[in-house]
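See structure below.
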Ligand SMILES: [Zn+2]
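Numbering (the numbering used here), first residue to last: 29 to 441.
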């Protein structure tokens, strides 16, 4: 049995209240730096203060609430996630982690339990990266991983990050002050909805995250020959779109049949001139591979190069591969995974290990602190959608295990 029980109805009420800020018939809209995001942040700050957390906003715009430990010379144990959403998103992605962290602190406060370590609850800004197409902005700022491209990024209307940061209490000219050094945090724990179907399908209560997936993004440009759709015989065509479609099927086969890496997706396609009566002379596809094993990603790239070379030869077209972003996979140490599993067992809950197919703030914070993540089931595996849903019981289970995890870490670290 867990030592202290979180207040499940209070947790779900806060999730619900936050879920009304930026709510529309099409889903949640708390895109970072928007008035709705700011309303969500203000709500979060009020809750943190009610929980007895001393709250400040760092220069990167992250909201940090701190509760003293009995030994304030110890580094803090941090918990958190994000309250921004994608457009037309759901009520649980990010929100659960922040609301649950606050509930954990409220429970400890009510029970009069003071941890040895100071506790921090962090609401990272702009996790989703919708506005500037740059994501994990708050957590990467804290980890010192922000790049010049992040600072130079402009939104679709040409506005820069600086004024947005001021709107939420940050300061782009002093971003360096948001950086935390390795050792400043004893650990970072993030509770999140799975955003996939595994736990829901297996009926398991808690997911112990083994690592956060790496991602390799490519574009393949195919150069054939544009010509008249009525007069050019089939035998002499060099149709770039036909070659692209063969490639799409081969990329799907790489994972679905050959299992070279975990998942592959061709998510965009463009044909030129994109007219029904012209043989497409040029086409391009955008694709990505994801796996927690970087060697699998390297193997996928190698196979992609092999099949494009072969397809170019077979079809008499030219294919060029552009290698875009490569996000490194971030493993969770065996010790940290074991701690999450132990916390789940102490709470009498079933658990299973699984990788995270989505990115999270924890992957940035992993470079400055030992990190662990736990998942709760997403009904039907849906997320980034108004249909995103996790049951009140599952949300409460996650918060309960998060509390237990914090207490275990407080004893051992
Ligand atoms: Zn999230």
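Ideal Cβ placement from N, Cα and C applies to all residues, glycine included. The model shown is predicted, which means the values in this text are computed figures rather than measured ones.
DSSP beta-bridge partners for residue i?
i, result
"residue 362", "DSSP lists no partner for residue 362."
"residue 29", "Looking at the DSSP assignment, residue 29 forms no beta bridge with any residue, so it has no partner."
"residue 11", "A question about residue 11 goes unanswered here, because the residues of the chain that appear run from 29 up to 441."
"residue 83", "93"
"residue 384", "240"
Mind checking whether residue i and residue j have CB atoms under 8 Å apart?
i, j, result
"residue 278", "residue 250", "no"
"residue 420", "residue 118", "no"
"residue 322", "residue 385", "no"
"residue 248", "residue 336", "yes"
"residue 46", "residue 127", "yes"
"residue 375", "residue 432", "yes"
"residue 254", "residue 308", "yes"
"residue 400", "residue 217", "yes"
"residue 320", "residue 409", "no"
"residue 50", "residue 113", "yes"
"residue 345", "residue 394", "no"
"residue 165", "residue 115", "no"
"residue 95", "residue 133", "yes"
"residue 219", "residue 125", "yes"
"residue 331", "residue 288", "yes"
"residue 105", "residue 206", "no"
"residue 73", "residue 91", "yes"
"residue 389", "residue 167", "yes"
"residue 333", "residue 349", "yes"
"residue 196", "residue 69", "yes"
"residue 202", "residue 170", "no"
"residue 102", "residue 161", "no"
"residue 237", "residue 382", "yes"
"residue 429", "residue 372", "yes"
"residue 444", "residue 97", "A query on residue 444 cannot be resolved here, the shown segment of the chain reaching from 29 to 441 and no further."
"residue 189", "residue 179", "yes"
"residue 405", "residue 227", "yes"
"residue 76", "residue 87", "no"
"residue 347", "residue 398", "no"
Check the C-beta distance from residue i over to residue j and give it rounded, since I have them as a contact under 8 Å.
i, j, result
"residue 441", "residue 222", "The Cβ separation is near 26 Å, so there is no contact."
"residue 305", "residue 257", "5 Å"
"residue 109", "residue 122", "5 Å"
"residue 328", "residue 274", "No, residue 328 and residue 274 are not in contact; Cβ-Cβ is about 18 Å, not under 8 Å."
"residue 424", "residue 79", "About 17 Å separates the two Cβ atoms, so there is no contact after all."
"residue 437", "residue 367", "7 Å"
"residue 61", "residue 418", "Incorrect: roughly 26 Å between the Cβ atoms, too far for contact."
"residue 233", "residue 135", "That pair is no contact at about 19 Å."
"residue 296", "residue 313", "7 Å"
"residue 427", "residue 66", "Not a contact, Cβ separation roughly 25 Å."
"residue 396", "residue 213", "7 Å"
"residue 185", "residue 159", "Their Cβ separation, rounded to whole angstroms, is 10 Å, which puts residue 185 and residue 159 out of contact at 8 Å."
Please indicate yes or no: does the CB of residue i lie closer than 7 Å to some heavy atom of ligand 2?
i, result
"residue 280", "Annotation note on ligand 2: not contained in the displayed structure, which lists ligand 1 as its ligands."
Completely contained alpha helix (DSSP H) runs for the stretch 195-271, where each covers 4 or more residues: 226-230
Runs of alpha helix (DSSP H) wholly within the stretch 317-381 (minimum 4 residues, chain order): 322-343 and 362-374
Under 5 Å, CB to nearest heavy atom of ligand 1: contacting residues: 121 and 122
Length-filtered (3 minimum) beta strand (DSSP E) runs lying within the stretch 292-319: 310-319
Run through the stretch 118-198 for me and flag every whole alpha helix (DSSP H) of 4 or more residues, listed as ranges in chain order. 123-139, 165-170, 176-180 and 189-195
Can you check the stretch 94-118 for any beta strand (DSSP E) of at least 3 residues that lies completely inside it and give the ranges in chain order? 104-110
Runs of 3 residues minimum, wholly inside the stretch 398-425: which ones carry the beta strand (DSSP E) assignment? 399-404
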